[in-house]
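Enquirer: Input: one structure, supplied below.
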């Protein structure tokens, strides 16, 4: 170990120094590695601590001579500009840390310092940079082809005049740094200067000579230590080099070699590509959560024939294909499509949601899923828009179908749901163990979709039916549609045509709740429950709709199914009454 036989008592060794020199294993990607540091803390006080460090890329073939490496530049890669007094004088100028490449490119002239990820690093890994922070800019590198954000980051610059204007700290994700060093066949070596003011404890002062000084270099010369009295303490200074990472890939799970449910052999890309027919895997649709909840991904819903596809992807860089919904909460993906060109972590993500053979066998393949339920709502709305526009044209209320329901049949035929994020939000994953909050949020979204019809044309239609304007003033969309439904049912029961609607309000108690329209009225109460966190009102609304609230103990997924189905039935009833009257 780097700190073996370290002369300073163990309890006085600063934690920062321990972290600085401790080698890192092949950690997973969520661990960050410090690759450059310019730290100055309390330069004239009792908490004084300084660190200047950069990471050198040392080729494995050259061996690790830490004694030589500790004598390399520890603060910046280059601290001056090359002398050029004739043309071509710097033709062979190659910035380096005493002949070694570096992870962070740094330059400083003792007053101004600049930092950026080394060109070889970001170009080898395909990273893109962005800056944040205004006057205190940080540079952040992303892997946009994956996507992975914040792969490496650090301060862009600092200044020094007696004291440092700010500290500089650069870090890089372990898996990306491991991959770069593996591609280079090199070690990541921290070369540093570290100082810390320690308390003048007896066991530490015992190391000092008569002049109040102690110097130490271990046999392998990996560091040089200097201890000396300073103010009321002992100042420890260390110039050292520590190999932190080797040229090996990180221990991340790989898509190669996964044993999928129902298969006895490890799956590889070559084997998957050879499986061109019939071999597929069923996965839980919660696999889609990470893609549906993040706008950086594409996750569009498409109907091909009689099957619904939900195939997530990322900006044309990669995508899952032929992801077909089956049953309420499952997706079937052909194995050869699953292993088509995409990041391995996405395949591993799908594997984590793969259904066991027992769970797959228990799936009711004919059960409706959230996408088909959303589609049913959308189709009823489109028909309602057409029918209301037809009725309006006959009674002198000219309005376009799209203006009523804010959906276009032509656009859906051409682009499916791509132009309508409100439909895509409704069709997001809805597991059986859905939380109460997620259930109410989805009910609110459904309410907003249905209640956004313009009230003015609806009120004009009801005025034609004989409703007083003052009585309509405070009514909202659902109450207006309920009144229209009551008029339609009365006219159809008598066998009349649309002309019989004129003045029919005098013969119908149109203010009373219509049993066929109760689901829409209670949907509005569910929206109110979400807004006011009134969970008693939520349960009451579900009970009035006819749902057994005892089932909520297992989650709110079944309740959501019930609400969608009942609202679809109410819309279907209204459409049937409109269609019947208009065809009379």
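In the working numbering, the protein residues as written are 6 to 589. Glycine included, every Cβ here is placed at the ideal spot set by N, Cα and C. In this text the structure is predicted, and so the values were computed from the model without any measurement.
Pick out whichever of 120, 97, 153, 503 has its Cα sitting closest to the Cα of residue 143.
Expert: Start at 1 with the first residue of the chain shown, and residue 143 comes out as number 138. The shortest Cα separation from residue 143 among 120, 97, 153, 503 belongs to 120.
Enquirer: Name the residue from 10, 286, 395, 51 whose alpha carbon lies nearest to the alpha carbon of residue 363.
Expert: Within the chain shown, residue 363 is the residue found at index 358, counting from 1. Nearest Cα to residue 363 within the set 10, 286, 395, 51: 286.
Enquirer: Taking 8 Å as the limit between beta carbons, can you name the residues of its chain near residue 524, skipping five residues before and five after?
Expert: By one-based count along the chain shown, residue 524 stands at place 519. Closer than 8 Å at the Cβ level, and outside the excluded window around residue 524, lie 550, 568, 571, 572, 574, 575.
Enquirer: Buried or exposed: which applies to residue 128, given that a residue is buried once 16 or more other Cβ atoms fall within 10 Å of its Cβ?
Expert: Here residue 128 corresponds to residue number 123 of the chain shown, with the count starting at 1. It counts as exposed.
Enquirer: Counting only the same chain and skipping the five closest in sequence on each side, list residues whose C-beta sits under 6 Å from that of residue 390.
Expert: Numbered from 1 along the chain shown, position 385 holds the residue referred to as residue 390. Around residue 390, the same chain offers 406, 409, 410 as residues with beta carbons nearer than 6 Å, after the five sequence neighbours per side are excluded.
Enquirer: In terms of DSSP beta bridges, what is residue 119 paired with?
Expert: By one-based count along the chain shown, residue 119 stands at place 114. Paired residues: 112, 162.
Enquirer: Quick check on the DSSP output: the alpha helix (DSSP H) that includes residue 98 runs from which residue to which?
Expert: In the chain shown, counting from the first residue as 1, residue 98 sits at position 93. Careful: residue 98 lies outside any alpha helix (DSSP H) and carries neither H nor E.
Enquirer: Given residue 208, which residues of its chain have a CB within under 7 Å of its CB, disregarding the five upstream and five downstream residues?
Expert: Working through the chain shown from its first residue, we reach residue 208 at position 203. These residues qualify, in order along the chain: 14.
Enquirer: Compute the beta-carbon to beta-carbon distance between residue 521 and residue 578, rounded to the nearest angstrom, for a pair I have assumed lies under 8 Å.
Expert: Taking the first residue of the chain shown as position 1, residue 521 is located at position 516. Taking the first residue of the chain shown as position 1, residue 578 is located at position 573. Residue 521 to residue 578, Cβ: 5 Å. Contact.
Enquirer: Ends of the alpha helix (DSSP H) at residue 578?
Expert: Your numbering for residue 578 matches position 573 in the chain shown. Here the alpha helix (DSSP H) through residue 578 covers 562-588.
Enquirer: Which parts of the stretch 422-488 are runs of the alpha helix (DSSP H), unbroken and 4 residues or longer, counting only runs that do not cross its ends?
Expert: 426-431, 441-456, 460-469, 474-477
Enquirer: Count the other CB atoms within 10 Å of the CB of residue 141; is the residue buried (16 or more) or exposed (fewer)?
Expert: Here residue 141 refers to the residue found at position 136 when the chain shown is read from its first residue. The residue is exposed, with fewer than 16 neighbouring Cβ atoms inside 10 Å.
Enquirer: Please determine, among 360, 351, 325, 353, the residue with the shortest C-alpha to C-alpha distance to residue 332.
Expert: Here residue 332 is taken as the residue at index 327 of the chain shown, counted from 1. Out of 360, 351, 325, 353, 360 has the C-alpha closest to the C-alpha of residue 332.
Enquirer: With a 10 Å radius around its C-beta and 16 neighbouring C-beta atoms as the bar for buried, classify residue 107 as buried or exposed.
Expert: By 1-based counting over the chain shown, the position of residue 107 is 102. Residue 107 should be labelled buried.
Enquirer: Could you spell out where the alpha helix (DSSP H) holding residue 418 opens and where it closes?
Expert: Numbered from its first residue, the chain shown carries residue 418 at position 413. Unbroken alpha helix (DSSP H) run through residue 418: 414-420.
Enquirer: Please report the distance separating the alpha-carbon of residue 155 from that of residue 132.
Expert: Mapped onto the chain shown, residue 155 falls at position 150. Mapped onto the chain shown, residue 132 falls at position 127. The straight-line gap from Cα to Cα measures roughly 10 Å.
Enquirer: Assuming residue 376 contacts residue 330 under a Cβ cut-off of 8 Å, what Cβ separation, rounded to an integer in Å, is found between them?
Expert: Numbered from 1 along the chain shown, position 371 holds the residue referred to as residue 376. Numbered from 1 along the chain shown, position 325 holds the residue referred to as residue 330. Rounded, the Cβ-Cβ distance is 6 Å, consistent with contact.
Enquirer: What do you get for residue 313, buried or exposed, if any count of 16 or more other CB atoms within 10 angstroms of its CB means buried?
Expert: The residue you call residue 313 lines up with position 308 of the chain shown. Buried, since its Cβ has 16 or more Cβ neighbours within 10 Å.
Enquirer: For the alpha helix (DSSP H) containing residue 354, list its first residue and its last residue.
Expert: The residue you call residue 354 lines up with position 349 of the chain shown. Looking at the DSSP string, the run of the alpha helix (DSSP H) that includes residue 354 is 349-356.
Enquirer: Which value, in whole angstroms, describes the spacing of the CA atoms of residue 240 and residue 87?
Expert: Taking the chain shown and counting its residues from 1, one reaches residue 240 at position 235. Taking the chain shown and counting its residues from 1, one reaches residue 87 at position 82. Looking at the backbone, the Cα of residue 240 and that of residue 87 are separated by about 35 Å.
Enquirer: With residue 557 as the anchor, note down where its alpha helix (DSSP H) starts and where it stops.
Expert: As a position in the chain shown, residue 557 is number 552, starting the count at 1. No alpha helix (DSSP H) holds residue 557; DSSP gives it neither H nor E.
Enquirer: Checking the sheet assignment: what are the DSSP bridge partners for residue 153?
Expert: Along the chain shown, one-based indexing puts residue 153 at 148. Paired residue(s): 148.
Enquirer: How far does the alpha helix (DSSP H) with residue 529 in it extend, from its first residue to its last?
Expert: Reading the chain shown from its first residue, position 524 is the one you call residue 529. Here the alpha helix (DSSP H) through residue 529 covers 523-537.
Enquirer: I'd like the ranges of any alpha helix (DSSP H) spanning at least 4 consecutive residues and lying wholly in the stretch 285-350.
Expert: DSSP assignment within the stretch 285-350 yields the following whole alpha helix (DSSP H) runs of 4 residues or more, N-terminal first: 294-297, 340-343.
Enquirer: Report the CB separation of residue 43 from residue 172 in whole angstroms; it is logged as a contact under 8 Å.
Expert: Counted from its first residue, the chain shown places residue 43 at position 38. Counted from its first residue, the chain shown places residue 172 at position 167. Yes, they are in contact, since the Cβ atoms of residue 43 and residue 172 sit about 6 Å apart, within 8 Å.
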